[in-house]
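To keep things clear, I will list the structure first and then write my remarks on it.
Written out as structure tokens, the structure is:
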């Protein structure tokens, strides 16, 4: 059984027991999270597709930790003008463990 969910503007294919890194959510570590934007559920009965979401379906998860992703470097420059700007960015994320798919 698997589901396709939407969170943080992205879509993820999840199964029970999966570990998932998503855009940072405003929850405490160890807190339960209900992801209700379920686009598709596939189980032994067949496939359910939402328009755009499935009514009454949700994915229950637990927030394991918060962190920052790998650093990327943004470097801007203009030739012959001695303009150079270096900036780094680390995207914050939340690590989730998928507990149960309901629907």
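Residue numbers (this note's numbering): 34 to 136.
Each residue gets a CB set at the ideal place from its N, CA and C atoms; glycine is no exception.
Predicted, not measured: the structure shown is a model, and the values here were computed from it.
Check, Outcome
"Classify residue 47 as buried or exposed, calling it buried when 16 or more other Cβ atoms lie within 10 Å of its own Cβ.", "buried"
"Between which residues of its own chain and residue 93 is the CB-CB distance below 7 Å, once the five residues before and five after are set aside?", "65, 67, 132, 133, 135"
"Can you tell me whether residue 75 is helix, strand or coil according to DSSP?", "strand"
"To test your reading of the DSSP string, which unbroken beta strand (DSSP E) runs of 3 or more residues are found completely within the segment 41 to 111?", "43 to 48, 52 to 56, 65 to 68, 71 to 76, 79 to 82, 91 to 101, 105 to 111"
"Find the nearest neighbour of residue 59 within the set 40, 112, 85, 104, judged by alpha-carbon distance.", "40"
"For residue 36 and residue 125, I'd like the C-alpha separation in whole angstroms.", "24 Å"
"Give the C-beta separation of residue 89 and residue 73 to the nearest angstrom, bearing in mind that I take them to be a contact with Cβ-Cβ under 8 Å.", "Wrong, their Cβ atoms sit about 14 Å apart, outside the cutoff."
"Distance, Cα to Cα, residue 103 vs residue 45?", "20 Å"
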